[in-house]
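As structure tokens, this is what we get:
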């Protein structure tokens, strides 16, 4: 039986955001998600994050489930202007449909509009606003969009997700920071990587590689973690590109990751109790934690460059959008794949240059 979700009781009453930890698993826990699927999920996640007006503070896409730490802000008074609404609709709808909606809004809001027309105008805007600033609508839209893509890409039918997603209301500050760390540490705990910065499908790795939204997410979870030893200011969009402003927050968050992921049995008390028993859950040794503490969690220049360049290593074809799509078309003509590829070039979200870079991910032939 599905459990009732607890949503923030202050929604609609206070001008206050709500933070949730959401988890959803693939049906029968099958390991469906490989590189391409994880990249596509993150692409849709960012798309619907912008459309719904929520903020993904941290995330991790594993092989058969995903974690999201989502902040849902209150609905702004008056919603959005028509121009802003149309911009958001353009993210998730064909341009032809957006044009029809634009004409309807312009007609219904004109000076000559009747009271009935004004009512229809308000109802049309509300139809789309009802999908924004809402956790359930964000999760529904994201999961349905990804399911359609996945089923088409893999020529399958039926449900992809195991029941509905689980969510927990999270207190901002220390609890949000610990939850974000738990999410980023999933691949470390599973033994997939030794360092969370090396798992490209989590928020921390994206932040290390220069992702602005991921960096803002980390800054947000640390915003209310001030104490007498640390002073924390939430970074603005213009500040995340300042390596000195970001370095302070990045180091503090990384130290928290290491301290939270202390390997089971590393403490003297645990060793005395466990004896020779080995816990399969992975983590960091005391020596590794002390090493990070000694450098205040600050990554070397070589480590930063390596993280930023990972997407280049993973790509099979790299270049402008037209170049990559042209290569895909030629490979289709040459019969490179058993069936023609319908997907297009993927934009690299962690580009190290100002010009957009696109890639075709490495794929195994069937």
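Numbering (full-length UniProt numbering), first residue to last: 1 to 366. Heads up, the beta-carbon is just placed ideally off N, CA and C, and yes, glycines get one too. Every value quoted in this text rests on a predicted model; they were computed, and no experiment measured them.
- Of the residues 69, 134 and 220, the one whose Cα lies closest to the Cα of residue 12 is 134.
- Measuring C-alpha to C-alpha distances from residue 101 to each of 128, 80 and 20 identifies 128 as the nearest.
- Assigned with DSSP and collapsed to three states, residue 285 falls in coil, not helix or strand.
- DSSP, reduced to helix, strand and coil, places residue 204 within a helical segment of the structure shown.
- By the Cβ-count criterion, residue 186 is buried, with 16 or more other Cβ atoms from all chains shown falling within 10 Å of its own Cβ.
- DSSP, reduced to helix, strand and coil, places residue 245 within a helical segment of the structure shown.
- Separation of residue 192 and residue 14 (C-alpha to C-alpha, rounded to the nearest whole angstrom) is 42 angstroms.
- Checking the DSSP bridge columns, you'll see residue 102 has no partner listed.
- Contact between residue 183 and residue 60 holds, with the beta-carbon distance rounding to 5 angstroms and staying under 8 angstroms.
- Residue 105 holds the alpha-carbon nearest to the alpha-carbon of residue 80 among 64, 105, 65 and 66.
- For residue 225, there is no enclosing beta strand (DSSP E), as DSSP marks it with neither H nor E.
- Within the same chain, Cβ atoms closer than 8 angstroms to the Cβ of residue 157 are found at 151, the five residues on either side in sequence being excluded.
- In this chain, the beta strand (DSSP E) harbouring residue 25 covers 18-25.
- Counting other Cβ atoms within 10 Å of its Cβ, residue 118 stays below 16 and is therefore classed as exposed.
- Taking the C-beta atoms as reference points, residue 162 is found nearer than 8 angstroms to residue 25.
- Taken through DSSP and simplified to helix, strand or coil, residue 170 comes out as strand.
- Within the model, the alpha-carbon separation for residue 146 versus residue 258 is close to 32 angstroms.
- If you check the CB distance, residue 71 and residue 220 come in under 8 angstroms.
- Note that the C-beta distance between residue 327 and residue 260 is not below 8 angstroms.
- For residue 41, the CB contacts under 6 angstroms within the same chain, skipping 5 residues up- and downstream, are 61 and 146 in chain order.
- Per DSSP, the continuous beta strand (DSSP E) segment holding residue 59 begins and ends at 55-61.
- When only Cα atoms are considered, residue 21 and residue 169 end up about 7 angstroms apart.
- In the three-state reduction of the DSSP assignment, residue 216 falls in the helix class.
- A straight line joining the alpha-carbon of residue 8 with that of residue 17 spans about 9 angstroms.
- Between the alpha carbons of residue 212 and residue 56 lies a distance of about 12 angstroms.
- Residue 249 and residue 110 have their alpha carbons spaced roughly 49 angstroms apart.
- Look at residue 324 here: in three-state DSSP terms it is helix.
- Taking every protein chain shown into account, the CB of residue 217 has 16 or more other CB atoms within 10 angstroms, so this residue is buried.
- Within the same chain, and ignoring the five residues on either side of residue 284 in sequence, the residues whose Cβ sits closer than 7 angstroms to its Cβ are 258, 261, 262 and 263.
- Under the DSSP assignment, residue 146 falls in the alpha helix (DSSP H) whose first and last residues are 135-153.
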